[in-house]
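To start, the structure itself, in structure tokens.
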Amino acid sequence: MATKMLSINAGLLALVARSMAVPLVSEPTTTFSSTPEFTPPVVPITNVTSHGPFTGTPTTTGALQTSIVAASVPALPASPDKYAYPADGKLHGAEPAPYTPSGGRGTNGSEPVYRVQSDFDFQSLSLALYQEYIELDLFHWGLARFSVEDFEDAGLTAEDRFLIEYMADQEVGHATLITNMVGPKAPVQCTYNYPVSTVREFIDFNQKLTRFGEAGVYGFLGHLNSLEAGQLLLQSITTEARQQVVFRQFEGLFPMPEWFQVGIPQSWAWTLLAPYISSCPANQTRLIWQNFPALHVLNQPNPLRVNGSDVWNETTGGWVNTAREANITESESCINKTVGENCNPRVTHNRTAPLSYPGRQVFLEWDAPGQPVGPNNSYVTATTAGKPKFAAWVSQLNVTYTPLLNVSGNSGYTIQPNMSTFEGDPAVNGTIFLALTDLDLPVTPYNLTMINPHTYALAVYQAG
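Going by UniProt numbering, 144 is the number at position 144 of the sequence shown; the sequence numbering is gapless.
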């Protein structure tokens, strides 16, 4: 027993000796430095371009076109092989490498090529690039347009302003990335015209603009021929999703009142973006996407009010339907109010009075097609739909139709629906999309573009 104890003690002493031999470093060395071998350049940009509506004469009109095969893409049943995989938790093919299941796309070891592979890719990424450029300009423009006092009156500090500046810098990277994937004919920066006159309108426009920019990419991401380009675009658009949350927080809104983020067709994103582009260079790459007429939400919920649902004609125009602050009195404003009514910039708020609710009567007016819009007024609003009969509420994973009622000329109303994506998740919440259609066509997130031939007019709706 004594011999055994001596052996154990000797072993412990050996461990102690080895541990004591390890050199003790109380503070890490922080003086190492290195010079980067190469820093990729960014695209040339102007922080703040000229601003104001286009006043010249367009040299060309209409979307980019070639020969058209059919009036619309026909609806087809799902391929039978979509249901072939047994999904039983077992492996059904040989592993191409250890710990690697069979299947997938782009997994055969081929070198990735990060460039557009089709007209669909080129036009989709070009649309995304137009979006990145307007955000780059808009964020810088707001910081230059409004004074420090203006921002502070809206509850936004120097640190908040720096965050907006940093988000503008992020757009430089996004624009560079997409330009590199599109190639030498990629769109370049334009000049713009924004429908805002106060800091809080600026913030509201930002949170709506980043919403449809984000949603526009989600809508086409899964359809790209270039999986490689889609991967990089995903890694940039998720940054934009964070920007949208930040602007909601700056506006005093609940940051993310939904379980899923919505995707929309490219023509919807272009419809909502184009009105705020004044002019582009003469040789600018043109887009194929449709511009739908504007839908005006006459009682668009106003996040700048204590009672944001009790409103009438408080937007700065159609399409995006940005909140207007001009006629809100101090007692009606939600700035510096008590808990439950307050909308000062903050991580989160839980306001007592909802901006909207199921059963709410929503009054609408819509423009006729044929109006010039977009860069140099060179695009024209158009629709192939018949007389509007339905309002399509597009949010999260849902497209829900409600009848358009009391239609007289280009006006009518509908009732905000009561539906949930899943139990506990009201589908109509957050910043969503509202379209007028001539048919209640069943569509889902992956084939939402099928709704385009039936879409008459389009708006952003501030549900929550």
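Note that the Cβ used here is the ideal one computed from N, Cα and C, for glycine as well.
Practice task
Answer with yes or no whether the minimum CB distance from VAL380 to chain B is below 8 Å.
Solution key: No chain B appears in the structure shown, which is made up of a single protein chain.
Handout entry: Bounding residues of the alpha helix (DSSP H) (the contiguous stretch that carries ASN180)
Key = Where ASN180 is concerned, the enclosing alpha helix (DSSP H) stretches over 158–182.
Problem - ALA457 versus ASN350: straight-line alpha-carbon distance, rounded - result: Taking the CA atoms as reference points, ALA457 sits about 32 Å from ASN350.
Problem - CA-to-CA distance, ALA368 to GLY62, given in whole angstroms - result: 16 Å
Handout entry: Residues of its chain near TYR401, where Cβ-Cβ distance is below 6 Å and the 5 sequence neighbours each way are ignored
Key = PHE390, ALA392 and ASP440
Handout entry: Reference GLY56, options ASP160, SER378 and TRP270, closest by Cα
Key = Nearest C-alpha to GLY56: SER378.
Handout entry: Contacts around SER420, its chain only, beta-carbon distance under 8 Å, and the 5 residues preceding and following it disregarded
Key = PRO426 and ALA427
Problem - Opening and closing residue of the beta strand (DSSP E) in which ALA391 lies - result: 390–395
Practice task
Work out the CA separation of ASP150 and residue 475 for me, nearest whole Å.
Solution key: Because residue 475 is not part of the residues shown, which for the chain are 1 to 464, the question remains open.
Practice task
Measure the C-alpha to C-alpha separation of PRO453 and ALA70 and round it to an integer number of angstroms.
Solution key: 11 Å
Practice task
Drop a sphere of 10 angstroms on the beta-carbon of LEU364, count the other beta-carbons inside from all chains shown, and report buried for 16 or more, exposed for fewer.
Solution key: buried
Practice task
Indicate the three-state DSSP secondary structure (helix, strand or coil) for GLY230 in the structure shown.
Solution key: It is helical.
Exercise for the section: Mark LEU233 as exposed unless 16 or more other C-beta atoms lie within 10 angstroms of its C-beta, in which case mark it buried. Expected result: buried
Practice task
Please check the pair PHE250 and PRO345, which I expect to be a contact at CB under 8 Å, by giving their CB distance rounded to whole angstroms.
Solution key: 5 Å
Handout entry: Residues near GLY11 in its chain [Cβ-Cβ closer than 7 Å; skip 5 each side]
Key = Unreliable placement is indicated for GLY11, whose pLDDT of 48 sits below 50; no coordinate value is reported for it.
Handout entry: Nearest-angstrom Cα separation, counted from ASN418 out to GLN371
Key = 34 Å
Handout entry: Paired residues, beta bridge with residue 468 - DSSP
Key = Because the chain here runs from 1 to 464, residue 468 falls outside it and cannot be looked at.
Practice task
Can you say whether ASN291 is buried or exposed, counting buried as having 16 or more other CB atoms within 10 angstroms of its CB?
Solution key: buried
Handout entry: Option in PRO255, SER279 and LEU91 with minimal Cα separation from THR60
Key = SER279
Practice task
Out of VAL297, TYR192, THR348 and GLU332, state which residue places its alpha-carbon closest to the alpha-carbon of ILE415.
Solution key: That would be VAL297, whose Cα lies nearest to the Cα of ILE415.
Handout entry: Unbroken alpha helix (DSSP H) run spanning GLN131, endpoints
Key = Element bounds for GLN131: 119–145.
Handout entry: For ASP204, the nearest candidate out of GLU159, PRO358, ASN302 and LEU163 (CA to CA)
Key = ASN302
Problem - Coarse secondary structure for ILE451, derived from DSSP in three states - result: helix
Handout entry: Distance between VAL443 and ILE451 (C-alpha atoms, nearest Å)
Key = 7 Å
Practice task
Going by CA-CA distance only, name the one from VAL380, GLY386 and LEU404 that's closest to PRO58.
Solution key: It is VAL380 whose Cα lies nearest to the Cα of PRO58.
Exercise for the section: Inspect the beta-carbon positions of GLY183 and ARG115 and report whether they are closer than 8 Å. Expected result: Taking 8 Å as the cut-off, the beta carbon of GLY183 is found closer than this to the beta carbon of ARG115.
Practice task
Confirm, please, whether the CB-CB distance from ASN429 to PRO257 is below 8 Å.
Solution key: At the C-beta level, PRO257 and ASN429 come within 8 Å of one another.
Practice task
Identify the continuous beta strand (DSSP E) that holds LEU405 and give its terminal residues.
Solution key: Taken as a continuous stretch (DSSP letters only), the beta strand (DSSP E) holding LEU405 covers 405–408.
Handout entry: Anticipated Cβ contact below 8 Å, residue 466 with SER226, distance rounded
Key = Nothing about residue 466 can be read from this structure; the chain reaches only from 1 to 464.
Problem - DSSP three-state assignment for VAL16, whether helix, strand or coil - result: Annotation note: pLDDT 45 at VAL16 (below 50); position unreliable, coordinate value reported separately. Looking at VAL16 - three-state DSSP - the assignment turns out to be helix.
Practice task
Could you tell me if PHE212 is buried or exposed, where buried requires 16 or more neighbouring beta carbons within 10 angstroms of its beta carbon?
Solution key: Looking at its Cβ environment, which holds 16 or more other Cβ atoms inside 10 Å, PHE212 is buried.
Practice task
Pick out whichever of LEU76, TRP270 and GLY103 has its Cα sitting closest to the Cα of residue 465.
Solution key: There is simply no residue 465 to check, as the chain begins at 1 and stops at 464 in what is shown.
Problem - Candidates LEU136, PRO388, LEU125 and HIS92, of which the one nearest THR46 by Cα - result: Of the listed residues, the one whose Cα sits closest to THR46 is LEU136.
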